[in-house]
Structures are given as C-alpha cells and as structure tokens.
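Novice: 7 is the number of the first residue of the sequence shown in our numbering; add one for each residue after it.
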Amino acid sequence: MMFGVGEAVIFTFDEDRRLRISVPEEHLPLAAWLHTDVQPNIAAIDGLAGVLKRAETEQRTWLGNGCSLDLINDLVLLESRYGRWPRQVVPQSFFWPVLEGLRSFLVTTAQEPALQRPPGYPDVRRAVTEERDPGSGRVSYVDFTYFPPTWTKDDVIRAAEGAWQSPELVQDEKTGAWSGKWGELELAGYYDPATGEALTYFPVLF
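This is the structure we're talking about:
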C-alpha cells in the first residue's frame, strides 16, 4: 500500500528513503499530489509555494508531473492530469498547513544519517516554465522534474522499466499513484488500476 489512511496527516520515510504519507481517505488525491508533484525536497517546496502564490494572483493554472491545481478564492481545485480521480476541492485553510507540515517534517529529519543523499545520486532537476494554450491563449505554470541531462532516452526507459518492475514497487489503487526504485533513484508516476498499465513516470527530487 502506497498511502496510509487515518484521521490525521502524517509523514514518515520508509527504509528506502521514500516519503510515506497517511491522510484521511477523502484526501488521498492530495497525498498523491504531495508525493508525485511536491516531493521531499525543502528548496523545491519553498520554490513551489512561491509559484503557487503567483499562480493564484495571476489566475493561472499550475501543472505538475501528474496533477493540475487552481487556487480560486479560498479553495484549491486539484485534478489528475491522467483522469485518476474526480476534481477534489480542498479548503486553502487545510491545504497550506499540510504543505507547511511537510516542509517542517523535512527540516526536522534533514540531518538524520539514514536520510542523507548517497554519493553518486542522479542529478535530478526541477524547472518551472510557462505554457500557452493554443486555443484559449491562457498561460499556465508548468512545474516538472527532469531526469539527469546526461541521460539518454534509453537510460530513461531503462530506469522507468526497472522501477516499475522493482521489488520496492508500491501502488495506490484509488489514485493510481505508484513508486519504485532504480538503483538509488526513486521514480513515481501514475498507472491504470483497471489494466495494470503504467501511464507515466518521472524522477523524484530527494
């Protein structure tokens, strides 16, 4: 099981240095977003918070690895880019404390020896760009993680297939999220629970 279900939002790490999240069942899509799009990196979370604030001010959609997000009035509209769940409406009064809670958890655990980035860890990168819809002309912020720039297409495919078939594979049927390991690198993505087919994959910035 990829996510835990409980009365509160709880963050931990597993033995493979992967973020594990427990949430109330109705917030499983938010857990999927935290895992696949936010990711356990303090600098990335700080940058993300700024981009989300700009997106709200400019009335732009934020597009992540697997989810899209709009901040309207006091609400957050969270949608799967792969049709894995119906649109979830999250009060900002719940959303921002959860994001800050993840950041605080990462700060608290940052110096633990078992959670240090191992030597030779792949050079995963994250970048924010803009995308204009050719039909509406509306501009969105695109916030993706990327495989190391030195990797070839074959390297990426090998890592994706290896992670999808790895013994460390965990999945969540309700959101279609999955996580696996290729060497020291975690890959996450979404799959179709009805067919068992992986739909997408991307590297996790640790």
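No residue lacks a Cβ here, since even glycine has one placed at the ideal position from N, Cα and C. Predicted, not measured: the structure shown is a model, and the values here were computed from it.
At which residues does the alpha helix (DSSP H) containing LEU121 begin and terminate?
Specialist: No alpha helix (DSSP H) contains LEU121, which DSSP labels as neither H nor E.
Novice: Is PRO103 helix, strand or coil when you go by DSSP?
Specialist: Helix.
Novice: Less than 8 Å between the C-beta atoms of TRP2 and ALA194, yes or no?
Specialist: Residue numbering for the chain in the displayed model covers 7 to 212; residue 2 lies beyond these limits and cannot be assessed.
Novice: When the distance is taken between beta carbons, is PRO128 closer than 8 Å to PRO92?
Specialist: Cβ atoms of PRO92 and PRO128: not closer than 8 Å.
Novice: Rounded to whole angstroms, what is the Cα-Cα separation between GLY12 and PRO140?
Specialist: So the two alpha carbons sit approximately 43 Å from each other.
Novice: Taking the alpha helix (DSSP H) that VAL57 falls in, what are its first and last residues?
Specialist: Run containing VAL57: 48 to 64, per the alpha helix (DSSP H) assignment.
Novice: What did DSSP end up calling SER110 once you bin it into helix, strand or coil?
Specialist: Helix at SER110.
Novice: When you compare the CB positions of CYS73 and GLU85, do they come within less than 8 Å of one another, or not?
Specialist: Their beta carbons are under 8 Å apart, which means CYS73 touches GLU85 by this criterion.
Novice: In three-state terms, what does DSSP make of GLU13?
Specialist: Coil at GLU13, not helix or strand.
Novice: CB-CB under 7 Å to ALA37, same chain, minus the five flanking residues each way: which ones, in chain order?
Specialist: So the list reads PHE9, ILE27 and VAL29, once near-sequence residues are dropped.
Novice: Once DSSP output is grouped into helix, strand and coil, what is the label at PRO35?
Specialist: Helix.
Novice: Ordered along the chain, which non-local residues of its own chain (more than five positions away) have a Cβ less than 7 Å from that of GLY186?
Specialist: Around GLY186: ALA169, TRP170, SER172, GLU174, LEU175 and LEU193.
Novice: Considering only residues of the segment 122 to 170, which uninterrupted alpha helix (DSSP H) runs meet the minimum length of 4 residues and lie entirely inside it, listed in chain order?
Specialist: DSSP runs (the alpha helix (DSSP H)) wholly in the segment 122 to 170: 159 to 170.
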